[in-house]
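In the numbering used here, the protein residues as written are 1054 to 1348.
Worksheet: the structure to be examined is printed underneath.
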Ligand SMILES: C[S@@+](CC[C@H](N)C(=O)[O-])C[C@H]1O[C@@H](n2cnc3c(N)ncnc32)[C@H](O)[C@@H]1O
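Below, the structure written as structure tokens:
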């Protein structure tokens, strides 16, 4: 089989999510293990069940689902990235579970390849943030689930931090008031790609998730929100420069290169670097776990 070309999703998961820093990768995976376990617990998978993981990426949730459903069960890996699906297929072969896996190239909002009432659980982790038609996606989750089946998902609520940054005149939670004009130029790079009111990563909060689930017919819906304000972990400056928050936006270093002269970049660096390396500022994050049962 020829390799699918690595696309922006695969590149981001493999490198840009953690700026090629093995320590940040380790911390990311440590953070993700309990998230995975909670999404899996919410799916109520039993031996022999069929699970669908939407936006499977490199298989964090889907391979855990494989363990839960056992040898008589099956897992559908679906994603918009052919390259990530191929990676999952290879990993499934290596793990000896490929016979009970299916791989489907599909958007969350169009799961036509998957039959009505054909799966026992639908899982997602950090996928709806990239889907502009969330109402259609929820409609698809409800359609493919059997009666009594569970939807279990985790999504970051990015508005929590983004709104506070604007209200407090901060940038990624750091105080750049001494170089506000330069910070505004870099912020504009990000806002041009992700307008705060219309971008799928920013245009929803936890209440919208509940409403979306209820609107498509889920009768039982549970949502838990974890909101945290804390000090950020110190990060090496090189790592910070090479990291992007999601696959659609440039790294911080790339954004500075786009709009600042070398002198301006040095001024902004002088303000930001000590805060990044010293773990200063505030880190605001909110995440939602939603489970919903099809009646
Ligand atoms: C942050 S990664 C999460 C991957 C995986 N769920 C995990 O927990 O590691 C987001 C994934 O969603 C996929 N994706 C992006 N937009 C999508 C969409 N509209 N529908 C389905 N998957 C999408 C990407 O290809 C990527 O694999």
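Every residue, glycine too, gets a C-beta built ideally from N, C-alpha and C.
Measuring alpha carbon to alpha carbon, tell me which of the options ends up nearest residue i.
i: residue 1153; options: 1168, 1292 and 1122; result: 1122
i: residue 1236; options: 1248, 1180 and 1319; result: 1319
i: residue 1308; options: 1101, 1240 and 1277; result: 1240
i: residue 1258; options: 1302, 1181, 1289 and 1329; result: 1181
i: residue 1276; options: 1342, 1270, 1064 and 1264; result: 1342
i: residue 1345; options: 1115, 1271, 1134 and 1242; result: 1271
i: residue 1209; options: 1109, 1088 and 1132; result: 1088
i: residue 1363; options: 1306, 1232, 1126 and 1178; result: What the structure shows of the chain is the stretch from 1054 to 1348, and residue 1363 is not part of that stretch, so it cannot be assessed.
i: residue 1348; options: 1338, 1109, 1221 and 1269; result: 1269
i: residue 1099; options: 1111, 1080, 1126 and 1314; result: 1126
i: residue 1245; options: 1311, 1065 and 1156; result: 1311
i: residue 1304; options: 1243, 1260, 1263 and 1280; result: 1243
i: residue 1326; options: 1124, 1117, 1108 and 1232; result: 1232
i: residue 1124; options: 1161, 1086, 1202 and 1151; result: 1151
i: residue 1206; options: 1169, 1114, 1075 and 1119; result: 1114
DSSP three-state label for residue i, please.
i: residue 1065; result: helix
i: residue 1208; result: strand
i: residue 1176; result: strand
i: residue 1200; result: strand
i: residue 1275; result: strand
i: residue 1216; result: helix
i: residue 1142; result: helix
i: residue 1134; result: coil
i: residue 1249; result: coil
i: residue 1070; result: coil
i: residue 1229; result: coil
i: residue 1157; result: strand
i: residue 1191; result: helix
i: residue 1060; result: coil
i: residue 1258; result: coil
i: residue 1268; result: helix
i: residue 1169; result: coil
i: residue 1234; result: helix
i: residue 1150; result: coil
Exercise. Three or more beta-carbon pairs under 8 Å between the segment 1133–1153 and the segment 1212–1223, yes or no?
Worked result: A contact between stretches requires three or more CB pairs, one per stretch, nearer than 8 Å, and the segment 1133–1153 fails this requirement with the segment 1212–1223.
Exercise. What are the start and end residues of each continuous alpha helix (DSSP H) run of 4 or more residues lying completely inside the segment 1076–1128, in chain order?
Worked result: List check, alpha helix (DSSP H) in window: 1113–1122.
For this session: Inspect the CB distances between the segment 1248–1257 and the segment 1172–1188 and report whether three or more fall short of 8 Å.
Result: Output reads yes: the segment 1172–1188 touches the segment 1248–1257.
Exercise. Would you say the segment 1103–1118 touches the segment 1165–1179, given that touching needs at least three Cβ pairs under 8 Å?
Worked result: Yes, the segment 1103–1118 is in contact with the segment 1165–1179.
Problem set entry | Contact the segment 1220–1229 vs the segment 1193–1210: 3+ CB pairs below 8 Å | In short, these stretches do not touch, since the Cβ pair count stays below three.
For this session: Determine contact between the segment 1321–1336 and the segment 1281–1294, defined as no fewer than three beta-carbon pairs at a distance below 8 Å.
Result: With a cut-off of 8 Å, the segment 1281–1294 and the segment 1321–1336 count as touching, because enough Cβ pairs lie within range.
Exercise. Does the pairing of the segment 1063–1083 with the segment 1293–1307 give three or more beta-carbon distances under 8 Å?
Worked result: With the cut-off at 8 Å, the segment 1063–1083 and the segment 1293–1307 touch.
For this session: Counting only runs of 4+ residues fully inside the segment 1281–1346, write out the alpha helix (DSSP H) ranges in chain order.
Result: Correct list: 1290–1294, 1305–1312 and 1315–1331.
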